[in-house]
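Student: Quick one: the structure is below, and I'll ask about it shortly.
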Amino acid sequence: MIMLLCYGVLSYAGKADSVFSAGLLARVKQYDLEKGNQGLYLHTDKTVYTHREFIWFTAYQLTDADSTANTLFVSLQKAGEDTAAEINRFILKDGLARGAIYLSDSLKDGDYRLLAFSNIQLDHPGKPVFQQTIRLVSTFGRKYSLLKLPMERSDTAKIAMDVRYKVILDDGASADKGNVSYALFSGKCLVSEGREKLNGAGEFRVPLPPNYGDTTLRLQVLLHHGYDRERFSLPVKVSGCRIKFYPESGHLLDGVPCSVAFEVKGNEGKLLSGSLRENGKIVARLQPDKRGRGIFRFTPLAGRRYIVDINDGRLASYSFPEVEVKGMVLSVDRDVVENDVDVTISSSDMENACYLVVHNYKEVFNVRKYNFREAKAKVHIPLGNVEGKGVLTLTLLDTSMQPLAERCIFRRDSGQVLASLNTDLREYGTRQKVRLRITLRDQRGNAVKGLFSIGCVAMRDRDSNSIVSLPAFWYAGQYLPVSTNVLAGFNMSDTADISLMLQTVFWTRYRWGEMMKPRPLPVPAASLSERIPAQIFYKNKPLQCPIDYAIITDDGWKPFATDSFGNFAIRWNSLYAPANGKVGIIPMVTKGSKYEDIHQFRLGLDWGRVTVVMDGSLSGNAFPEIAEAYEESYTLKAKHLLKEVYIKGKSSRQEQKVFVSKNCRDYVCIFNVLNCINHSAGTKPVEGQVYWYYTDASNLTEVIYRGCEDTSTTRFLYYLNGTWQSKEFYVVDFDRDNISGQEKTSTLFWSHEVHTNAEGEAELSFFTNDLVGHFILHLQGVSSGGPLSGVTTFRVKSASP
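For the sequence shown, the working numbering gives the first residue as 1300, with consecutive numbering after it.
Below is the structure:
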């Protein structure tokens, strides 16, 4: 029930009529099907990686699992490029997927987007995908690395802006008592150059040229540190001030006090301040937080001239949203609530009917019709019976379902589960055992059963400001038609931060307008979410009668048959294989048949259609193929319909060596090295996969693993990359393994899935290695009481205490 406390006259017309409600519910359902978030979340071990490392992750399908959601696609796309550098598939079962992605030397240094989506996305490309920003840093032969530091608030007396960097040694310590020479280039033209000394923290500044326009420059740095010299080359984006305003419910109304949120950033994200002038007089100050966001309140008046002054070194002026004379706005007394919310509705139009809708873009919780006859009224909305938690949206609609005003609120979950992580010590030595105890409790202290993924990494390689926690995604991300990465750094315990997010990145009024447009559901030519179309050709022509073929996996083989023209479909769940494994497809022909010569077959896969349907949700990114010719160097290009793969009996990949096992006791260590001389155990290698191999005590080379000598045979198969099962993280046991070399990987531990006991507790252990500094333990997971997240830290010194 909605109660009214009226300043003017707002007549409550009762529940919305059945025709309006039915139309509204149908369109919300259609919108969720086409563009609603699919509720897929990825928990990664860290955000900064080096070559030859793995990205360890666990994926959670948080919404009601669709029976056809059985395959997770994870794509790695370099910033500034519109094609994927890497894409893999993993088994998605019971709402979970576990995996690891190897970062090969062929990948370029720089920032990447990690994109995740399920096979359901193939039929609904308008749905947003999960995004996580990561950085790949090369350390081969390097003793130093450069870390870009956050921008500071602008000094208005300083015309030129600058960027800051920190020089870090390979052991994580900061370099000092050195200097750098730098040069900025625009293409081949030198823009500026100079020399800077490192301060005591190993930091230096590079001034950027003012008024250079929106462009990307190339920064060349030569580091002088003692007798060492190190060169770096990296991009630097130069841009002017960027400012955006968000009136509380979508627009400014004459004479109605309004809360206005804003985002303002200068070059390279530099924080700027400013002021709002009304006919030359300052009426509000713009003081942003560390992310460039802020809120001010004032009363807009029609006919007045509003100008925004920004102190970006030039004291530039910017336009402000116009003040409307007619319209409707709404505001709330509190936007972070639990059991109720008070809404103030203001209108300039008399005799105006409207609908107030409470929803979260997936469900509609309440619809009420009102006849507005005066200027202002307050509506009290109890939320006790509303099932929705997290971000809810209040939308005013007219009788034609067009939005008049909108406001987001955040409903706290008083029953959120607390995860406690406790280590046996706060400080450890190198190669010392860490014992960890995890406890899950509700707000009353009762035990809660749950499951979670957990990792331990060096703090320097995990940027908390670019990570979305699972609770933040649960309560906000899966209900908003926006990209997941806007949630990075979202602090749900900070009411002021929630308010800023609600009035800026969570503001979705214009998307509602798109949702209300009636349109028929698209009818795809054939569903791609369950299978991928394929066709077998013989002597470059379609078949003239059905033939049998088999799909071969580690679990055996299954026979199938084509139609009369060689058409068939490969189900996604028929491509399951061990980690890094492949699946074979072979025509089954008998001697004397019309299609006896197996050398004349070829296979076509409809990757062109997959590419087309993915363009919408991946912002034009190419959707790379899963298939490749295992026995030849040619790889499918996902640009043409039914691109063909020719079968060959001999490998043409002469640039890589082949490894054939003599004793069938091979293993692969955590660094993807076959029969590593530094590790005595690991995971089982997969035939056809590429690994590193020590040709002697100091030299590594890439080899193709061909299995055991006595089972190695030549096969005429079409090989497809499999949909991979989980690869287990190899935990070094320094009590058992006698390792003489240095172990300095920054990921000490990762577990895809840990279950608590009935008391809501779990215990784990692992070892530190030779890397010193501060480490962070972080977990994300789900429980009977909802989502959970937790962190703790410890320090590793250079010697065991």
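Glycine included, every Cβ here is placed at the ideal spot set by N, Cα and C.
Here the structure is a predicted model, which means the values were calculated and not measured.
In or out: Ile-1581 buried (at least 16 other Cβ within 10 Å) or exposed?
Tutor: Here residue 1581 refers to the residue found at position 282 when the sequence shown is read from its first residue. That one is exposed.
Student: With respect to the alpha helix (DSSP H) encompassing Leu-1717, which residues constitute its N-terminal and C-terminal limits?
Tutor: Start at 1 with the first residue of the sequence shown, and residue 1717 comes out as number 418. Looking at the DSSP string, Leu-1717 is not in any alpha helix (DSSP H); the run it does join, the beta strand (DSSP E), is 1717 to 1722.
Student: Check Asp-1760 in the structure and name its three-state DSSP category.
Tutor: Here residue 1760 corresponds to residue number 461 of the sequence shown, with the count starting at 1. Three-state DSSP puts Asp-1760 in a helix.
Student: Determine the direct distance from the alpha carbon of Phe-1544 to that of Gln-1356, and round the result to whole angstroms.
Tutor: Mapped onto the sequence shown, residue 1356 falls at position 57. Mapped onto the sequence shown, residue 1544 falls at position 245. Going by the sequence as given, residue 1356 is Phe instead of Gln. C-alpha separation (whole angstroms): 37 Å.
Student: What residue from Phe-1597, Ile-1708, Asp-1588, Glu-1686 has the CA that sits closest to Asp-1641's CA?
Tutor: Here residue 1641 is taken as the residue at index 342 of the sequence shown, counted from 1. In terms of Cα proximity to Asp-1641, the closest of Phe-1597, Ile-1708, Asp-1588, Glu-1686 is Ile-1708.
Student: Mark Val-1957 as exposed unless 16 or more other C-beta atoms lie within 10 angstroms of its C-beta, in which case mark it buried.
Tutor: Taking the first residue of the sequence shown as 1, we reach residue 1957 at position 658. Counting Cβ neighbours within 10 Å, Val-1957 comes out exposed, since fewer than 16 surround it.
Student: Given this structure, state the Cα-to-Cα distance separating Lys-1857 from Tyr-1340, to the nearest angstrom.
Tutor: Mapped onto the sequence shown, residue 1857 falls at position 558. Mapped onto the sequence shown, residue 1340 falls at position 41. Near 33 Å, if we compare the C-alpha coordinates of Tyr-1340 and Lys-1857.
Student: Straight-line CA distance for Glu-1637 to Gly-1714?
Tutor: Your numbering for residue 1637 matches position 338 in the sequence shown. Your numbering for residue 1714 matches position 415 in the sequence shown. Straight-line Cα distance between these residues: approximately 11 Å.
Student: Which residue's Cα is closest to the Cα of Leu-1413: Glu-2062, Ala-1795, Phe-2074, Val-1767?
Tutor: In the sequence shown, the residue the question calls residue 1413 occupies position 114. Of Glu-2062, Ala-1795, Phe-2074, Val-1767, the residue nearest in Cα terms is Val-1767.
Student: Tell me the rounded alpha-carbon separation between Thr-1861 and Leu-1842.
Tutor: For the purposes of this step, residue 1861 is taken as the residue at position 562 of the sequence shown. For the purposes of this step, residue 1842 is taken as the residue at position 543 of the sequence shown. Going from the Cα of Thr-1861 to the Cα of Leu-1842 covers about 9 Å.
Student: Taking all protein chains shown into account, do 16 or more other C-beta atoms lie within 10 angstroms of the C-beta of Pro-1877, making it buried, or fewer, making it exposed?
Tutor: The sequence position of residue 1877 within the sequence shown is 578, counting from 1. Buried.
Student: Does the ligand COA have even one heavy atom less than 7 Å from the beta-carbon of Asp-1331?
Tutor: Ligands displayed in this structure: none; no statement on the ligand COA is therefore possible.
Student: Could you tell me the alpha carbon to alpha carbon distance between Val-1479 and Phe-1503, rounded to whole angstroms?
Tutor: The residue given as residue 1479 occupies position 180 in the sequence shown. The residue given as residue 1503 occupies position 204 in the sequence shown. Roughly 8 Å between the two C-alpha positions.
Student: DSSP state of Trp-1355, grouped into three classes?
Tutor: The residue labelled residue 1355 in the question sits at position 56 within the sequence shown. The answer is strand: DSSP assigns Trp-1355 an E or B state.
Student: For Ser-1630, which residues in the same chain have their Cβ closer than 6 Å to its Cβ, ignoring the five residues on either side in sequence?
Tutor: Mapped onto the sequence shown, residue 1630 falls at position 331. These residues qualify, in order along the chain: Glu-1547, Thr-1643.
Student: If we ignore side chains and look at the alpha-carbon of each, how far apart do Arg-1388 and Gly-1398 end up?
Tutor: Numbered from 1 along the sequence shown, position 89 holds the residue referred to as residue 1388. Numbered from 1 along the sequence shown, position 99 holds the residue referred to as residue 1398. For the pair Arg-1388 and Gly-1398, the Cα-to-Cα distance works out to about 9 Å.
Student: Among the residues of its own chain, which have a CB less than 6 Å from the CB of Phe-1597, if the five just before and after it don't count?
Tutor: Here residue 1597 refers to the residue found at position 298 when the sequence shown is read from its first residue. Listed in chain order, the non-local C-beta contacts of Phe-1597 below 6 Å within the same chain comprise Val-1582, Ala-1583, local neighbours out to five positions each way being set aside.
Student: Please report the straight-line C-alpha distance between Val-2081 and Leu-1739, rounded to a whole angstrom.
Tutor: Taking the sequence shown and counting its residues from 1, the one referred to as residue 2081 is at position 782. Taking the sequence shown and counting its residues from 1, the one referred to as residue 1739 is at position 440. Going from the Cα of Val-2081 to the Cα of Leu-1739 covers about 10 Å.
Student: Return the Cβ separation of Val-2030 and Phe-2065 in integer angstroms, given the expectation that the two are a contact with Cβ distance under 8 Å.
Tutor: Counting from 1 along the sequence shown, the entry for residue 2030 is found at position 731. Counting from 1 along the sequence shown, the entry for residue 2065 is found at position 766. With a Cβ gap of about 5 Å, Val-2030 and Phe-2065 count as contacting.
Student: Under the three-state reduction of DSSP, which class applies to Asn-1872: helix, strand or coil?
Tutor: As a position in the sequence shown, residue 1872 is number 573, starting the count at 1. In the displayed model, Asn-1872 falls within a helix according to three-state DSSP.
Student: Can you have a look at Thr-1994 and say buried or exposed, based on whether 16 or more other CB atoms are within 10 angstroms of its CB?
Tutor: Taking the first residue of the sequence shown as 1, we reach residue 1994 at position 695. When all chains shown are included, Thr-1994 counts as exposed.
Student: Sorted by chain position, which residues of the same chain lie with C-beta nearer than 6 Å to Cys-1975's C-beta, five sequence neighbours on each side aside?
Tutor: Start at 1 with the first residue of the sequence shown, and residue 1975 comes out as number 676. For Cys-1975, where only same-chain residues beyond five positions count, the Cβ hits under 6 Å are Cys-1968.
Student: What does a CB cutoff of less than 7 Å around Pro-1556 pick up in its chain, not counting 5 residues either side in sequence?
Tutor: Locating residue 1556 in the sequence shown gives position 257, where the first residue counts as 1. Around Pro-1556: Arg-1596, Thr-1598.
Student: Assuming Phe-2074 is part of the beta strand (DSSP E), what are its boundary residues?
Tutor: To locate residue 2074, count along the sequence shown from 1; it is residue 775. Taken as a continuous stretch (DSSP letters only), the beta strand (DSSP E) holding Phe-2074 covers 2072 to 2082.
Student: Can you find the residues in the same chain that come closer than 6 Å, C-beta to C-beta, to Trp-2049, ignoring five residues on each side of it along the sequence?
Tutor: By one-based count along the sequence shown, residue 2049 stands at place 750. The residues are Asp-1344, Trp-1355, Gly-1754, Phe-2028.
Student: With the cut-off set at 8 Å, would you say Leu-2070 and Val-2095 are in Cβ contact?
Tutor: As a working mapping, residue 2070 is identified with position 771 in the sequence shown. As a working mapping, residue 2095 is identified with position 796 in the sequence shown. The answer is yes: Cβ separation under 8 Å.
Student: What number of angstroms, rounded off, separates the C-alpha of Lys-1732 from the C-alpha of Ser-2088?
Tutor: Translated into positions along the sequence shown, residue 1732 becomes position 433. Translated into positions along the sequence shown, residue 2088 becomes position 789. Distance between the alpha carbons of Lys-1732 and Ser-2088 is about 24 Å.
Student: Determine the DSSP secondary structure at Tyr-1348, reduced to helix, strand or coil.
Tutor: Locating residue 1348 in the sequence shown gives position 49, where the first residue counts as 1. DSSP places Tyr-1348 in strand when its eight states are reduced to three.
Student: With Leu-2047 as the anchor, note down where its beta strand (DSSP E) starts and where it stops.
Tutor: Position 748 of the sequence shown, counting from 1, holds the residue named residue 2047. Residues 2046 to 2054.
Student: Please classify Tyr-1526 as buried or exposed, where buried requires at least 16 other C-beta atoms within 10 Å of its C-beta.
Tutor: Here residue 1526 refers to the residue found at position 227 when the sequence shown is read from its first residue. Around the beta carbon of Tyr-1526, fewer than 16 other beta carbons sit within 10 angstroms, so the residue counts as exposed.
Student: Following the continuous alpha helix (DSSP H) through Ala-1321, name the residue where it begins and the one where it ends.
Tutor: Counting from 1 along the sequence shown, the entry for residue 1321 is found at position 22. Where Ala-1321 is concerned, the enclosing alpha helix (DSSP H) stretches over 1317 to 1334.
Student: With Ala-1795 as the anchor, note down where its alpha helix (DSSP H) starts and where it stops.
Tutor: One-based indexing of the sequence shown puts residue 1795 at position 496. First-last of the alpha helix (DSSP H) with Ala-1795: 1794 to 1802.
Student: Run through DSSP, which three-state label would Phe-1864 get?
Tutor: As a position in the sequence shown, residue 1864 is number 565, starting the count at 1. Of the three classes helix, strand and coil, the one that applies to Phe-1864 here is coil, per DSSP.
Student: Report back the beta-carbon spacing between Ile-1609 and Cys-1540 to the nearest angstrom; my notes put them in contact at under 8 Å.
Tutor: Taking the sequence shown and counting its residues from 1, one reaches residue 1609 at position 310. Taking the sequence shown and counting its residues from 1, one reaches residue 1540 at position 241. With 8 Å as the limit, Ile-1609 and Cys-1540 qualify as a contact, their Cβ atoms being about 5 Å apart.
Student: What's the gap between the Cα of Lys-1407 and the Cα of Leu-1435?
Tutor: Within the sequence shown, the letter at position 108 stands for residue 1407. Within the sequence shown, the letter at position 136 stands for residue 1435. If I take the Cα positions, the gap works out to 8 Å.
Student: What does DSSP give as the partner residues of Arg-1604 in its beta bridges?
Tutor: Taking the first residue of the sequence shown as 1, we reach residue 1604 at position 305. According to DSSP, which records beta bridges pairwise, Arg-1604 is partnered with nothing at all.
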